[in-house]
Every structure is written in C-alpha cells, then in structure tokens.
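Line order of the protein sequences matches chains A and B. Every letter in the first sequence is one number past the one before it in our numbering, and letter 201, counting from 1, is 215. Every letter in the second sequence is one number past the one before it in our numbering, and letter 92, counting from 1, is 106. C-beta atoms are modelled at their ideal positions from N, C-alpha and C, and glycine is treated no differently.
2 protein chains.
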Amino acid sequence: MERIESYASFGGHQDVWKHRSEVLGCEMKVAVYLPPAVADGPCPVLYWLSGLTCTEQNFITKAGAQRYAAEEGVIIVAPDTSPRGDDVADAEGYDLGKGAGFYVNATEEPWASHYRMHDYVVNELPALIEANFPASSKRAIFGHSMGGHGALVLALRNPGRYASVSAFSPIVAPTRVPWGEKALGAYLGDERDAWKAWDATELVATATERLPLLIDQGDADQFLAEQLQPERLVRACEEVGHPIELRMQAGYDHSYYFIASFIGDHIRHHARALKG
Amino acid sequence: MERIESYASFGGHQDVWKHRSEVLGCEMKVAVYLPPAVADGPCPVLYWLSGLTCTEQNFITKAGAQRYAAEEGVIIVAPDTSPRGDDVADAEGYDLGKGAGFYVNATEEPWASHYRMHDYVVNELPALIEANFPASSKRAIFGHSMGGHGALVLALRNPGRYASVSAFSPIVAPTRVPWGEKALGAYLGDERDAWKAWDATELVATATERLPLLIDQGDADQFLAEQLQPERLVRACEEVGHPIELRMQAGYDHSYYFIASFIGDHIRHHARALKG
C-alpha cells in the first residue's frame, strides 16, 4: 500500500492510501483515519460506505468524523464506491457503473469482471487493513444512502463479522425502488429472485443473527418517498422480531450537513459495541 | 437578500444567501449559520474570513464549525473572498483578483472600482446581517491564511468593533512576503508606505486597543517559512506589549484538517468574549 495523502487531524492522522485490489482487478484508493490511541496498541475498525457519486474523499472532508474517532479510539476506513480505471466498465448516468458499485458482486457482463465490491469490502480490504495498520480484528460498519444499503446488506449477509451496523438515509429495499432496480438489473441480470440476496428488507426475514439496526433518516430528504422508504425495513423487522431503531430527524435532508449532525452518535454507538 | 441554499445542521440552519453589494458593485454570496439559540433571541456574530481560492463554501463544508456554534449560541457569517462577476477585474494566478481580495480597499485600477473587501466585511455586511437576521451587534472575527491576515488587520484597524480576534496560519506581514507583495502592489500601487496600513505587524505597533491575538499555526505548514512567518508578529507585539498567543501545533499543515482540529477552541474563545 502506498500513502498518497496524509494530514494531522485531532491528534491522529487522516491518510489516503493507494493499493492494487486483486478482487476488483484495479488500483483503488482508501481513506484511513488513525486515532491517537493507536500509539497504545491496536484499535477496532469502523468501515464507512459512501453513497452514489462519492469517492473516498467525501466522507473525510465533510462528515467531521475524525473528532469522534479520536475521542473513542476507533480507526475509520472509508473505501471508494466502485472499481476505477480506464479498463473498468461504466455507464451513462450517476447511478450505475463508476461511483455506483452498490456493494454487490456482479454476475452480468460487462460488470462481472471488476464490480465485486461486496468481496472487496468484506474480505480483501479488512485483510489489508489488519495486516498493514495497528488494527484489531474487531469490525463495525456504517454508511450513507447507497452506502447505508451496503452497510445493512453486508452485515446481514455476514453474521458474526461486524460488532454493530448503522446507516444514514439508507436504500433499504433496492429490489423495489428505481435506483436499486436499475443497478441490480444491470449487475445481476433480469431474474429478480437473485436480487433478494442484496436487499436488507429481504435478508432480515431470514437473518440468523439479531444484530440491532440503527438508522437515522431526515424527514426533509428529497429521496425519502421514492428511493429510501425506511418503513419497509421497519415492517420487515417487526414481522420477525429483528431489533431496529429508526430515528426520523425533523427538517434534515440527504446531505453531509445531516450526516455531520449525527455522526458523533453513530461513532459512539459503534465504539460501545466494538469495545463491549 | 435571497436564500439560495438551506440545510438543517446541529439543530440550527446552515444557509447561503445572495445579495447585491453596493460597496463591491456586484452580487455576492454569503454563508450564514444560525444556531438553535436564535429561537430565544438575538445571538452574537462571529465572522470567518477564508483564504486564497476559497468561496463561501469551503468553510461551511469542511471546518466542522456548526457543532460548536450550536453549542455556544453563536451565528457564524462566512463571506466570499473577493468581488465576483463578469465585469469584475481578474488576473492570471490564484493569488490575485477573484478569490484573492486580501480584505483591502484597492486604490489602483483595474481593481479600485470593485475590490473593497475591507469596507464590505467591516461595514456593509454586518449592517445587512444585523438588519435581516436575529443577530446582536456583538461581533468577533477570525480567519485562515489570507483570511487570518484579514481578521487581524480588520480588528487592528477598527478598535472597539470586535470583541475578539483569532487566526489560523495567518499571513502576518504581507508587506514582506511574496503573496502580500504581489497583492498589495497590485491593489495599492508601488508606494510601499501605503501598504503598511494593511499589515498586522505594522498596525500592532500603533494599536490603541490591546485586543489579544490568538493564533494557531501548524509547524508542518508548507507555507510557513516563505509566506506566513508568525514570529514577525510575535516580535512586533513584544516590542509594544500587545498581548498575543501563538500556538505552534506539531505536525499540522495548512489544510482544513488543521482548521477542523482546533476550530472548537477558537469558537469557544470568541464565545467567551462575545458573552463577557
């Protein structure tokens, strides 16, 4: 791994690294915040998954997370949102292809050879982080919008792997909303039954681990009614007794101003689980 | 004034407004954070002046100031860094013209007709803010780099106007460093004596008000030796007994990661003075 950016931040360091991903078949950038507590030994790792159009930069410049990560002694790892590079397939529009990996393993061409963000985030990246940084093997995951979908799905698909999971404004039912139908149709093909393995509202019905889901959602979010529909996940959880806390936040929208306002709550939530 | 952006943020609102400036002769954008405390009555106002190349956006997206402004009940006003528009003079390079107003009143053409950022920030903007927002007439000022220079110079030139002043990585002696020599030479002409009225190290020698100066400076700042030289201001203050606290911060650079790490300290410092 090659460090390409490094900034002192709240007594720790906000760095950006470049590395070759075998899973994705391309070079990737990943942001890593190391809190001052790494001087005293390995720290647990909180993975952040960003939303549509983002790179590894949006979260580290806008969310204000470093202060809380420093206070709690948690490493935050923020990967890019898709494979990158000239030989990686792309599409017109912001909601498919580069910047829109949806954290799935694609099965359809031209996507299948590079778009394997699930395996990258769940397996390859933690192995790299735990081998190259003062990181323990305690992991938690959270994200925003497409990345909130990613956090929920990755946690539900991989019981035991994450100590906790939370999401801001997540796409909870991608099999039933336009963003998800477009992306899952492209990456997984026309057979809709195959999409269900990447939909939190479907996965929660058969989850073997009752990992509590914490969700913050602004009630002034411009995507709430058409793309997000968090009440679908609440209903699915209620049907099987899966613990969920949906906090509707009055007046907040889909932006990083919303994320920044509640990121401290989420980081403290994860720190409790990671240290518990 | 017309509101062109509005985001819920830490219980208050981060807005961006557009207005016609008579002083600058153009349309300007200005960011205004209103803390939740405005519901209980007028709040004091802390003015932030940004550095070279910035607009009103950089500070509000990257500094993480809203949390502390909400906690302290302080309004933060962040103007743009120069006049804007097609009929405003500009120059090649990032350090003169648009994005580089240096908070002076220009006397030389082609700058003199629009580049009057001192009068805009000191007089016109506060009058607009205090007439249109739940703002008291208590004012404080801070800024970064070129904006740190601006904060120091505006406070020193206008005794009694600001309850407190602070700066991150300020250009403290623009008459003696390349950025300042280029800008002051263009805006004020070749007569170097005229530049001294816009140089904090010169102004402090004759200041009638002993307003304490708080400065944070990263010791890994890439501009420290050539452009910033804060020890010049410390020496000028020591010669006349002007109170100054220069805090050299180990490992920090010139970026917003540095600003974010210490913005809470500065906002609390100003809140104490504004409420004292």
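Alpha-carbon spacing of residue i relative to residue j, whole angstroms
i, j, result
"A/V37", "A/E138", "7 Å"
"B/W193", "B/G164", "13 Å"
"A/P124", "A/G111", "10 Å"
"B/K76", "A/E205", "43 Å"
"A/S159", "A/C68", "11 Å"
"B/A5", "B/D54", "A query on residue 5 of chain B cannot be resolved here, the shown segment of chain B reaching from 15 to 290 and no further."
"A/S180", "A/I143", "21 Å"
"B/H33", "B/A211", "29 Å"
"B/A105", "B/A187", "23 Å"
"B/Y129", "B/R224", "29 Å"
"B/H132", "B/Y117", "5 Å"
"B/A80", "A/T222", "Correcting the residue identity first, residue 80 of chain B is Gln in this sequence and not Ala. So the alpha carbons of these two residues sit roughly 41 Å apart."
"A/G78", "A/E85", "12 Å"
"A/K11", "B/Q28", "The requested residue 11 of chain A is not part of the displayed model; chain A covers only 15 to 290."
"B/L247", "B/I229", "10 Å"
"B/Q241", "B/F73", "21 Å"
"B/W62", "B/G174", "18 Å"
"B/E245", "B/I277", "22 Å"
"A/S96", "A/G157", "14 Å"
Neighbour flag for residue i against chain B, beta carbons, 8 Å
i, result
"A/Y266", "yes"
"A/R81", "yes"
"A/F24", "yes"
"A/K76", "yes"
"A/A92", "no"
"A/A234", "yes"
"A/S127", "no"
"A/S64", "no"
Cβ neighbours of residue i in the same chain (closer than 8 Å, five flanking residues each side left out)
i, result
"A/A83", "F24, G26, Y47, P49, L60, I89, I90 and I281"
"A/T121", "Y201, L202, G203 and A208"
"B/E70", "V30, K43, V44, A45, S64, A92, P93 and D94"
"B/A219", "A250, E253 and V254"
"B/E195", "P188 and T189"
"A/Y108", "L66, T67 and A114"
6 Å Cβ shell around residue i - same chain, five flanking residues per side excluded
i, result
"B/S315", "An answer regarding residue 315 of chain B cannot be provided, because it is not within the stretch 15 to 290 covered by chain B."
"B/G232", "Q263, Y266, D267 and F272"
"B/P148", "V52 and P56"
"A/P226", "P257"
"B/G87", "P49, A51 and C57"
"B/V167", "W212 and A214"
"B/E216", "K210"
"A/R17", "D29 and W31"
Chain A contact for residue i (CB, 8 Å cutoff)
i, result
"B/F272", "yes"
"B/Y117", "no"
"B/T69", "no"
"B/Y21", "yes"
"B/S151", "no"
"B/S275", "yes"
"B/S269", "yes"
Residue i beta carbon near the ligand GDP (any heavy atom closer than 7 Å)
i, result
"B/S127", "This structure lacks the ligand GDP, and indeed carries no ligand of any kind."
Contact set for residue i: own chain, Cβ-Cβ below 7 Å, skip 5 residues either direction
i, result
"A/G99", "C40 and E41"
"A/Q236", "D267 and H268"
"B/S151", "E144"
"B/Q243", "V186, A187 and V191"
"B/G162", "A181, F182, S183, P184 and I185"
Local conformation of residue i per DSSP, three classes
i, result
"B/R300", "As displayed, chain B neither begins before 15 nor continues past 290, which places residue 300 of chain B out of reach and without an answer."
"A/H128", "coil"
"B/N172", "coil"
"A/F237", "coil"
"A/R261", "strand"
"B/Q80", "helix"
"B/M42", "strand"
"A/V37", "coil"
"B/D61", "A quick correction: the sequence has Tyr, not Asp, at residue 61 of chain B. Reduced to three states, the DSSP call for B/Y61 is strand."
"A/H268", "coil"
"B/P140", "helix"
"A/A92", "strand"
"A/F147", "coil"
Problem set entry | Near-chain A residues of the segment 28-51 of chain B (beta-carbon distance less than 8 Å), N- to C-terminal order | Q28
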